[in-house]
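*Asks:*
In my numbering, the protein residues as written are -13 to 117.
Next comes the structure, spelled out in structure tokens:
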């Protein structure tokens, strides 16, 4: 799976937001991870960075095997994180708005997302990687 992370002027108002797309996808992933990673509930980029950073601490425990499960809940989206797979879901009802992806892809996207949002927002900033 080839992933691209970048900044976009989503609402054409001069404010830049992080975004991601899947450019090559052999695993039928819909890309709901980017909904999860943008789930700030209108609280802004600082909140988003802190929330993801706290989640990453727990997810590292799952990766190391000291924690079997972590529910990374945002404002509307969540991820049930297990070492073998991650279920990304819309938190308010059972819909088709959920997907499962392998842990290593989830972790790689998450850690690269943190690198992106740690940079000064700029339309020219892009990151592409395989996972």
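Each residue gets a CB set at the ideal place from its N, CA and C atoms; glycine is no exception. Note that this is a predicted model, so its numbers are computed, not measured.
Cα-Cα, which of -2, 10, 25 is closest to residue 114?
*Replies:* Among -2, 10, 25, the Cα nearest to that of residue 114 is on 10.
*Asks:* Check the C-beta distance from residue 38 over to residue 99 and give it rounded, since I have them as a contact under 8 Å.
*Replies:* Correct: roughly 7 Å between the Cβ atoms.
*Asks:* Three-state secondary structure (DSSP) at residue 39?
*Replies:* Helix, per DSSP.
*Asks:* Measuring only the C-alpha atoms, how far is residue -10 from residue 6?
*Replies:* So the alpha carbons of these two residues sit roughly 6 Å apart.
*Asks:* Please say whether residue -13 and residue 91 have beta carbons closer to each other than 8 Å?
*Replies:* Closer than 8 Å, so yes.
*Asks:* Just to confirm the assignment, what range does the beta strand (DSSP E) spanning residue 76 have?
*Replies:* Residues 71 to 76.
*Asks:* Figure out for me which residue from 58, 59, 44 has the closest Cα to the Cα of residue 52.
*Replies:* It is 44.
*Asks:* Using only the alpha-carbon positions, how far apart do residue 86 and residue 2 sit?
*Replies:* Those two C-alpha atoms are separated by around 29 Å.
*Asks:* Quick one: residues in its chain with C-beta nearer than 8 Å to the C-beta of residue 78, no 5 flanking neighbours on either side, listed in chain order?
*Replies:* 62, listed in sequence order.
*Asks:* Which first and last residues belong to the alpha helix (DSSP H) in which residue 90 is found?
*Replies:* Segment 89 to 103, the alpha helix (DSSP H) holding residue 90.
*Asks:* Looking at the unbroken alpha helix (DSSP H) that takes in residue 19, where does it start and where does it end?
*Replies:* Residues 18 to 23.
*Asks:* Nearest by alpha-carbon distance to residue 83: which of 69, 26, 65 is it?
*Replies:* For residue 83, the nearest C-alpha among the options comes from 65.
*Asks:* Give the straight-line distance between the Cα atoms of residue 42 and residue 48, rounded to the nearest whole angstrom.
*Replies:* Near 10 Å, if we compare the C-alpha coordinates of residue 48 and residue 42.
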